[in-house]
Amino acid sequence: MTRFFLKIIIIFTLANLSFTSNAQDKVLLIGDSLSAGYGLEQAQTWVVLLQNKYRDTNKAITLVNTAINGQTTDNALLKIDAWLAAHQPSHVLIELGGNDGIRGFPVKLLQKHLSQLVTISQQYGAKVALMEISIPPNLGPRYSKMFTDSYHKVAKKTGAYLMPFFMADIAIVPSLMFDDNLHPNAKAQPMIRDFMAKEIDKWLQE
């Protein structure tokens, strides 16, 4: 190998290392009260706790939290273009649908809205993860199953990454929930932080 080609290889390698070390992932979180921190101080919420963890470990990931208490998929569709234009995220995490399900919205409408949220985000050049939401069985097992199955269908249709629900192991433990049995309390937030740290790492490595 000539000295000229060896020099080219070294320069190319250093350039790639520099690019990797300076890479910054910006995750736009579009969610509801589970991520907005219902009943909590913002400093207690899993999103803030996770961002602090990234900062303390010098991890180049920024979380932009647009979660709103009570937000439904159709509400988010009204705002998503503005959020994407303002923040220019590399990744979008959609944690929505719980309020749609609790209100008994038609499953086909849920699927339509979720597909639109994913597609719009992809059109902005972002990689998208869809969190698989489950709801209490108040509306019957048939509706609950159709509701949860919607996330698999949308992920398959759009190519979105399907992320497991962070409430799956928390909602069944009364001491981790507020009295409404819908929202995680302060004790649950570090657990959600740790769960989401692992799941976001898996997603970003895809």
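When the letters of the sequence shown are read in order and numbered with mature numbering (1 follows the signal peptide of the UniProt record, and there is no 0), they come out as residues -23 to -1, 1 to 183. A virtual CB, placed ideally from N, CA and C, is assigned to each residue, including glycine. A quick note: this is a predicted structure, and the numbers were derived from the prediction, not measured.
- Nearest neighbour of His129 by Cα position, chosen from Tyr120, Pro141, Arg119 and Pro118, turns out to be Pro141.
- Only exposed fits Leu86, as fewer than 16 other CB atoms lie within 10 angstroms of its CB.
- Going by beta carbons, Gly136 and Gln99 fall inside the 9 Å limit.
- Contact check for Glu109 against Leu11 fails: the beta carbons are separated by 9 Å or more.
- Taking C-beta atoms as the reference points, Val4 and Thr39 count as a pair closer than 9 Å.
- Taking 3 residues as the shortest admissible run, the stretch 124 to 180 contains the following complete beta strand (DSSP E) segments, listed from N- to C-terminal end: 138 to 140.
- For Asp2, the enclosing beta strand (DSSP E) covers residues Asp2 to Gly8.
- Contact holds between the stretch 76 to 85 and the stretch 105 to 121, because three or more Cβ pairs, one in each stretch, are under 8 Å apart.
- DSSP, read as helix, strand or coil, puts Asn42 in strand.
- Of all alpha-carbon atoms in Lys89, Lys164, Pro167 and Ala148, the one lying nearest the alpha-carbon of Ala132 is that of Lys89.
- Look at the beta carbons and you see the stretch 160 to 174 touching the stretch 21 to 31: at least three pairs across the two are nearer than 8 Å.
- The beta carbon of Ala145 sits closer than 8 Å to the beta carbons of Ser111 from its chain, once the five residues preceding and following it are set aside; these are given in chain order.
- For Leu107, the enclosing beta strand (DSSP E) starts and ends at Lys104 to Met108.
- Ranked by Cα distance from Gln93, the first of His64, Gly47, Asn52 and Ala63 is Asn52.
- Within the stretch 40 to 119, the complete alpha helix (DSSP H) runs of at least 4 residues fall at 50 to 64, 75 to 79 and 84 to 100.
- Excluding residues up to 5 positions away in sequence, Ile147, Ala148, His160, Pro161, Asn162 and Ala165 lie with their Cβ nearer than 8 Å to the Cβ of Met154 in the same chain.
- Relative to the Cα of Gly47, the nearest Cα in the group Gln65, Lys36 and Ile7 belongs to Ile7.
- Counting along the chain, no alpha helix (DSSP H) covers Leu17, and no H or E run does either.
- Apart from sequence neighbours up to five positions away, the residues of its chain that approach Ala103 with a beta-carbon distance below 8 Å are Leu5, Leu61, Pro66, Ser67, His68 and Val69, ordered along the chain.
- One Cα belongs to Ile177, the other to His64, and the distance between them is close to 19 Å.
- Each residue's CA atom was taken as its position, placing Ile57 and Ile97 some 8 Å apart.
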